[in-house]
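Chains as they are written, first to last, in my numbering: chain A, -19 to 93; chain R, 0 to 112.
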């Protein structure tokens, strides 16, 4: 069965902290994605990776960076967390074709105080 | 520009009622179109998709037809159940070789017994 796991379901951090969100997929997928989900805004793409060490900015990359050292793992990094980064973060993975389904993890609800 | 617009919720229906959730898109080409569903406390999962004009995607009693002339991909179900209560997201891909997605804002469906 397809599986995408995220390191935490809930996370509380302080303003200015460095935050790591981890995502692991077991499907040998080339593509991995990080989104944030906010009420009334739907899902917005933060970063996208199409291969190990390859990444592409999404629609809202400011304040975030990513790392993909291994095919199965894609990390989202908040260099200095701010309150406006309080959100639900969703990771997804997929095969590389334009019509391929994205498979989502359960999400991490991050609160920055 | 490229965007996806779906009807605002919440949509509240009684069990066995007919469901329509409207979705329209803008695009310069012919994107693939998707409906994803998010059940409470879970990540998103693909409900159905259509990759070219006049295609009909279907799954679990839900249907949507890719209408190029009206740039629409409305979701329908003839008889909803309480277990269909969820948030529904319409999405299109960016086009070209990538399967990056642009999501609508989501529509919350609540089905009452």
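Note that beta-carbon positions come from the ideal geometry of N, C-alpha and C, so glycine has one too.
What you are looking at is a predicted structure, and each value in this text was computed from that prediction instead of being measured.
Considering only residues of the same chain and omitting the five flanking positions on each side of residue 5/R, which have a CB-CB separation below 6 Å? 22, 89, 103 and 106
Run down chain R in chain order and give the residues with a C-beta less than 7 Å from the C-beta of residue 77/A. 98
Could you tell me which residues DSSP puts in a beta bridge with residue 18/A? 22/A
I'd like to know if residue 84/A contacts chain R, where contact means its C-beta is closer than 8 Å to some C-beta of that chain. yes
Quick one: residues in its chain with C-beta nearer than 6 Å to the C-beta of residue 82/A, no 5 flanking neighbours on either side, listed in chain order? 72 and 74
On the DSSP bridge assignment, give the partners of residue 31/A in chain order. 34/A
Kindly confirm or deny that the region 73 to 80 of chain R and the region 8 to 24 of chain R touch, where touching means at least three C-beta pairs closer than 8 Å. yes
Span of the beta strand (DSSP E) holding residue 48/A? 44 to 50
Interface flag, residue 81/A vs chain R, CB-CB below 8 Å: yes
Does the region -16 to 0 of chain A come within contact of the region 58 to 66 of chain A, defined as at least 3 CB pairs closer than 8 Å? yes
List the whole-angstrom C-beta distance separating residue 168/A from residue 88/A, where the pair is believed to meet the contact cut-off of C-beta under 8 Å. What is shown of chain A runs -19 to 93, which leaves residue 168/A out entirely.
Nearest to residue 9/A (by Cα), restricted to the options 44/A, -17/A, 45/A and 25/A: -17/A
Please check if any C-beta of chain R sits within less than 8 Å of the C-beta of residue 11/A. yes
Locate the beta strand (DSSP E) running through residue 107/R, then write down its first and last residues. 106 to 111
Measuring straight from C-alpha to C-alpha, what distance separates residue 36/A and residue 78/R? 42 Å
Should residue 64/A be labelled buried (16 or more other beta-carbon atoms within 10 Å of its own) or exposed? exposed
Integer Cβ distance of residue 52/R from residue 34/R, believed to fall under 8 Å: With a Cβ gap of about 17 Å, residue 52/R and residue 34/R do not count as contacting.
Spatial neighbours of residue 29/A within its chain, please: C-beta separation below 6 Å, excluding the five flanking residues on both sides. 12, 35, 48 and 54
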